[in-house]
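Protein chains: 2
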Amino acid sequence: MPFQSIEPRRLYRQIAEQIRGLIRSGEFGIGARLPPERDLARQFGVSRPSVREALIALEVEGLVDVRIGSGIYVRARGEAPDATPAESEAGPFEVLRARHAIESECAALAAKSATRPQLQAIEAALTEMEGEMAEAKQPLPGDRLFHLRIAEATGNGSLVHVVRMLWEERAGPLFKRLEHHYDTPALWQPALAEHRAVLKAIAAQDCRGARAAMRRHLDQACRRFSTSWDILQ
Amino acid sequence: MPFQSIEPRRLYRQIAEQIRGLIRSGEFGIGARLPPERDLARQFGVSRPSVREALIALEVEGLVDVRIGSGIYVRARGEAPDATPAESEAGPFEVLRARHAIESECAALAAKSATRPQLQAIEAALTEMEGEMAEAKQPLPGDRLFHLRIAEATGNGSLVHVVRMLWEERAGPLFKRLEHHYDTPALWQPALAEHRAVLKAIAAQDCRGARAAMRRHLDQACRRFSTSWDILQ
DNA sequence: CTGGTCAAGTGGCATTACCAATTTCCGGCA
DNA sequence: TGCCGGAAATTGGTAATGCCACTTGACCAG
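Here's what the structure looks like:
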């Protein structure tokens, strides 16, 4: 496409670009104080509000540090002043409750529409999980795959997307701490059994049974996490 | 230097935070246009330059998209104005099926645990929808808010997250085309009635009834889309 | 139905003024 | 001489207003 959005229209962006250049070129080193806003405005031949807008943009980018009554200082290439506003960061139990509601329906749908290859994929995930447990490792990959395969067996890409997203929230720090107290075979063994029950119901095309089995599984998972949680407190 | 320099000093940061909240709370969905700068200034009780500074901060963060002469629009998570790396782009019917499975459970949970203020929020969304229909506009914002408020009434942040994500997939081009053939009052009227039925069941703490009502609603929505789809082919 | 015109709405930028926090500096005091 | 306190200058923060450029949608002629 030969056309490029010509948008040097926004003055504050041009000014920010110039100041950025001044900093990178070494005109102003780390910790150095930039000229006052009024001077910058005069030098660039623009109004002070425009300079301020540019400076705010640079501040959000973490390039400069504006100190009231003092001046504008070049900040070291590093961290943002306040960490990213970040996502809502749902708690572990919230995620489990959500999965309880969503994945039980997935199981029910999967029982209705799962094809032979999809059933085999679920079974394969279960086998992988067994293998991981045999090696005394946390069977998280297998666990994840099991739930994901069931979502895929619904034939609905959106549901797969949702289940994957919920699983990713497991990356949170709270989850990590819990997992550390949750990796005993004694605790994973019942989870494996519950998985088998879910698969059996899906294979039998038992819609209600699959839903109930998944509900039980996640209920139990919640309970297991609960005890770990209490111990942790 | 003292300790935490509580720096809500900067007005533009407070304003940016408020707008961020408005977006996250579902007040404005993806693609929605925020009120004009002048209105925002009046609503927040600040000057327009301050609002502009806040908007520039949000723009640099990639949260909004300021279009000259047109307005300020909420941008999707993925930033970079250039070509999006192509989403998984689930089909409209897939999304509706997923919502059928998930939001019906949300309604059931909401019936169990909705507080008075949460019920009022749902009702307010319904009222907004009515207002939009009275103006012969597509009641999409109100519709979105209704479903989002129900998810919030479950008290589970993960579920809210999921419902919001599913709604965002509506930004896809396929949906847009369908909506064009779907904006007759004759088609929206039953949707409104179904919404009322859902709210009624939730208010009555009728768990099964709420689930059934939401199921019916999304079933019907699917059917309505279906006819539009056929016409379009 | 297509294409052009026009007016209202909206953001972009400049100007001016005043306020608040900080820094600087000078003069008085020990 | 050295320290301390406060006034003044410096600097960013916010407000208010005005005008321009662009977009949009409706209306009208072809």
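Going down the list, the sequences are from chains A and B.
Each residue of the first sequence is one higher than the last, beginning at 229 in this note's numbering.
Each residue of the second sequence is one higher than the last, beginning at 229 in this note's numbering.
Heads up, the beta-carbon is just placed ideally off N, CA and C, and yes, glycines get one too.
All figures in this text were calculated on a predicted structure; none of them were measured in a lab.
- By alpha-carbon distance to Pro367(B), the top candidate from Arg327(B), Arg237(B), Ala338(B) and Ala414(B) is Ala414(B).
- Note: Tyr301(B) is bridge-paired with Arg261(B) and Asp293(B) in the DSSP secondary-structure output.
- By the criterion of a C-beta distance shorter than 7 Å, Leu250(B) is surrounded in its chain by Phe256, once the five residues flanking it on both sides are discounted.
- By the beta-carbon neighbour count (other beta carbons within 10 angstroms, threshold 16), Asp267(A) is exposed.
- The Cβ of His445(A) sits no closer than 9 Å to any Cβ of chain B.
- For Ala342(A), there is no enclosing alpha helix (DSSP H), since its DSSP letter is neither H nor E.
- The count of Cβ pairs closer than 8 Å, one atom from the stretch 419 to 427 of chain B and one from the stretch 358 to 367 of chain A, stays below three, leaving the stretches out of contact.
- Residues of the stretch 382 to 397 of chain B that bring their beta carbon within less than 9 Å of a beta carbon in chain A comprise Thr382, Gly383, Asn384, Gly385, Ser386, Leu387, Val388, His389, Val390, Met393, Leu394 and Glu397, in sequence order.
- Taken through DSSP and simplified to helix, strand or coil, Phe256(B) comes out as coil.
- In the structure shown, Val274(A) adopts coil according to DSSP, grouped into three states.
- Taking C-alpha positions only, Ala438(A) is separated from His375(B) by approximately 27 Å.
- In the DSSP assignment, Gly385(B) falls within the alpha helix (DSSP H) that extends over Gly385 to Glu396.
- When secondary structure is reduced to three states using DSSP, Arg238(B) falls in the coil class, being assigned neither helix nor strand.
- Considering only beta carbons, the part of the stretch 336 to 366 of chain B lying closer than 9 Å to chain A consists of Ala336 and Leu337, in chain order.
- Using a Cβ-Cβ cut-off of 7 Å, Val274(B) is close to nothing in chain A; its nearest Cβ partner there is about 14 Å away.
- Your pair His328(B) and Leu239(B) does not check out as a contact, with CB atoms roughly 45 Å apart and the cut at 8 Å.
- DSSP places Asp434(A) in the coil class of the three-state scheme, outside both helix and strand.
- Sequence-distant partners of Leu420(B) (beyond 5 residues in either direction) whose C-beta falls short of 8 Å from its own C-beta, in its chain, are Leu354, Met357, Glu358, Met361 and Pro367.
- Ile430(A) places its beta carbon 9 Å or farther from that of Ala304(A).
- For Tyr301(A), no CB of chain B lies under 9 Å from its own CB, so it is not counted at the interface with that chain.
- Short of 6 Å from the beta carbon of Thr382(B), and not among the five residues preceding or following it, lie these beta carbons of its own chain, in chain order: Cys334, Leu337 and Ala338.
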